[in-house]
Every structure is written in structure tokens, then in C-alpha cells.
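Residue numbers (this note's numbering): 17 to 368.
Even for Gly, the Cβ is constructed at its ideal location relative to N, Cα and C.
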């Protein structure tokens, strides 16, 4: 049998069964020869589950303070050149108010692990959003917390939580993070969140320093164990104020390939076409949608702070007002052959 026949069979097997052996996954990840077949299969599967709908999430980056010192992140604690900011509860509610008027029905509160926002304060913020916007989903992305904190946020009205595992390999994790952080605790958080009842999102960087193809397979296998509702991946993009300043960015093409593979393994998943994709390529978000993604996350943060939430450099859309962001993305999504819908956009575990 020719190599092309083997590879074509792998794409078909992945589309039909949602799984491949480690060896077959590595083979798919290492070649771009079958990207078109992967993309076509992924698009077919996402349309069977979600049609041409793309869900929008209003992103509010409310603090760029962080107690952690991850080696890849621009808002790491030891970056003394970062201009820090915090949004007060009233600022966050104003962002939600503007977003609601633009059709957003999911708000994502994302920030560094900032001790200023105590568990009690986060509960107060979440409760206020829930009271003012009862028909909206509230997503938190604020890092590793205790189980009790997660339970308190859930009772206050949060119903989704995003926490990328970043890498499922303990040895690779240790190369990306200081000793004060552990993959074991990151995974504990994810399983606690699922057990409490959140819709849970995880994911990983593509092309982070020291990453191997085998690491990517480990990431996929971990996600198969976790079975998250949302899977966010994006290319690693470096930042000059980190220890990894000299490392190359991750591959745009490999990221798209992985989006397609993830769509075939997790047909139900909510997969964003990330800002990082749009940063690394002018049509990155459109290409991400074509590869199988079905979520976009426009920025609702005040323009005055957007450029300060700099996890990586050259981030796009830092100067646009929320309405501009919304309109721009609607046009981009339409150009890729899909349409933005204004709904809460829950995960569809079962095909309808």
C-alpha cells in the first residue's frame, strides 16, 4: 500500500471513529500533505453538529497582575516593564452592559492570578453580573483555585470555566513553569471544575519551547480523559520580556492541523479561533474556522487597557472599540462561509 493510501485511510478513520493510534497521530502531525483532507473532514463534522453557526463570547480582561512567573507569559510577576491595571466591579459591569447591547450573551472574565480579587470579591462580581444579565452565561478564566472557591463562584452564578493545561507532560510542564507550580494541581483543578458542574474548557500551546510531537499526542490523550466542553489551542507567540524571548513562535499550519484533528476527535467541542491565530496570520481566525473552530471571542475590555493585557507581543484588536470589534468579526466570519449567532451557545454533546 502506498504512503498516500495509508494517510488517506488515517483521515477517514479519524473522521469515522474519532481516534487513531499514537503512531498514526504522530504521522498526521508531522506532514502537511493531507491538510486539505483533514480540513474538509473537520468542516463536515462541525457542520453536522453546529451547522454554519459561530458563537461569540465577550472577553473582558479585567486584570494583568499575576502572582505566577510562567516563563512564556508577558504578564508574569517578574516582568517589571509591564504597565499594570485592574478593573473595578463597576467597570466590568459597564463592559457587560455594552456587550449585551451588541448581542453578546456570554461574558468571559479573564485575568492573571491576582490576589487583589479575593474569592469573596469575585463572588460579588459574578453575582452582580448574574443579577443584571440573568439570561447570559458567565465564564471565568482566573487560574488555579481551591475547590471551595470554585464551588463558591458556581453558586454565585458562574457556569463555565476556562483553564488551559498548557502541556500534559510533567517534564515539559516543568520546563515552562517555576517549581512553585505543578501540572498535578492544574489537573486537579480541571477535574474539580467538572465535578462541580461547570462547562469546562482546557487546551494547550502549539510550538511552545521544548515541545515535541509526542507531547502533542500526550495533550490529546489527556483531553480524551478529561472530555472538556471547550478546547482552546493557539500558537505559542513569544514576548521579549520573558526568559523565552529568543524562542521561535509556534507553527500556524500545525495549529490549524490540530484544530481539525481535535474537531474530529471531539465533534461536540466548542473550539475558538483564537486571537493568537489572528496575530500570527492576517486571516488566522478565518482559517481557524475553516479548520473546524466554531467560537470567536471579541474583546469587550476598555480600549485604554487592551494593549496592556499582553500575554504575547503584537496582539491584534487592541485599538478597536467593542462595536468595531463585533462588526469586524462578523464580516470576517461571513467571509469564511459561516455566520455569527447571538445566543448563549451551549455545548452540543449529542448530535441533533
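Cα-Cα separation between residue i and residue j, rounded to whole angstroms
i	j	result
residue 124	residue 154	6 Å
residue 272	residue 106	38 Å
residue 190	residue 202	12 Å
residue 18	residue 44	Residue confidence is low: residue 18 scores 38 on pLDDT, short of 50, so the model does not pin down where it sits. Its coordinate-derived value is still stated next. The straight-line gap from Cα to Cα measures roughly 15 Å.
residue 321	residue 334	8 Å
residue 161	residue 206	10 Å
residue 226	residue 313	29 Å
residue 64	residue 311	16 Å
residue 214	residue 169	10 Å
residue 283	residue 208	24 Å
residue 290	residue 69	16 Å
residue 197	residue 250	22 Å
residue 351	residue 302	8 Å
residue 72	residue 117	13 Å
residue 119	residue 315	13 Å
residue 139	residue 166	10 Å
residue 326	residue 91	6 Å
residue 360	residue 347	20 Å
residue 187	residue 216	25 Å
residue 93	residue 80	10 Å
residue 354	residue 163	38 Å
residue 41	residue 28	13 Å
residue 457	residue 115	No answer is possible for residue 457: it lies beyond the span of the chain, which begins at 17 and ends at 368.
Residue from the options whose Cα sits closest to the Cα of residue i
i	options	result
residue 336	328, 317, 327	317
residue 173	88, 204, 151	151
residue 58	224, 265, 304, 119	304
residue 379	186, 169, 218	No statement about residue 379 is possible, as the shown extent of the chain runs from 17 to 368 and does not include it.
residue 96	257, 308, 36	257
residue 228	346, 184, 198	184
residue 306	276, 319, 324	276
residue 46	33, 164, 270, 30	270
residue 103	319, 347, 300	319
residue 263	212, 366, 329, 283	329
residue 101	323, 283, 359, 27	323
residue 31	367, 357, 280	280
residue 142	347, 89, 175	175
residue 88	266, 345, 309	266
residue 37	240, 52, 51, 53	240
residue 356	67, 157, 137	67
residue 414	366, 255, 344	Here the chain comprises residues numbered 17 to 368, so residue 414 is not present and cannot be evaluated.
Environment of residue i [buried if 16+ CB atoms lie within 10 Å]
i	result
residue 278	buried
residue 248	buried
residue 288	buried
residue 121	buried
residue 55	buried
residue 268	buried
residue 62	buried
residue 21	In this prediction, residue 21 scores a pLDDT of 45, lower than 50, which makes its location untrustworthy; the coordinate-derived value is nonetheless stated afterwards. Flag for residue 21 reads exposed.
residue 127	buried
residue 49	exposed
residue 243	exposed
residue 60	exposed
residue 224	buried
residue 339	exposed
residue 194	exposed
residue 171	exposed
residue 245	buried
residue 211	exposed
residue 274	buried
residue 199	buried
residue 342	buried
residue 137	exposed
Supposed close pair residue i, residue j - CB separation, criterion 8 Å
i	j	result
residue 108	residue 78	6 Å
residue 286	residue 363	5 Å
residue 238	residue 181	6 Å
residue 192	residue 86	7 Å
residue 252	residue 222	6 Å
Please determine if the stretch 127-135 and the stretch 286-299 are in contact, where contact requires at least 3 C-beta pairs separated by less than 8 Å. These segments do not touch.
State whether the stretch 110-125 contacts the stretch 67-76, with contact taken as three or more CB pairs (one from each stretch) at a distance under 8 Å. Yes: at least three Cβ pairs fall under 8 Å.
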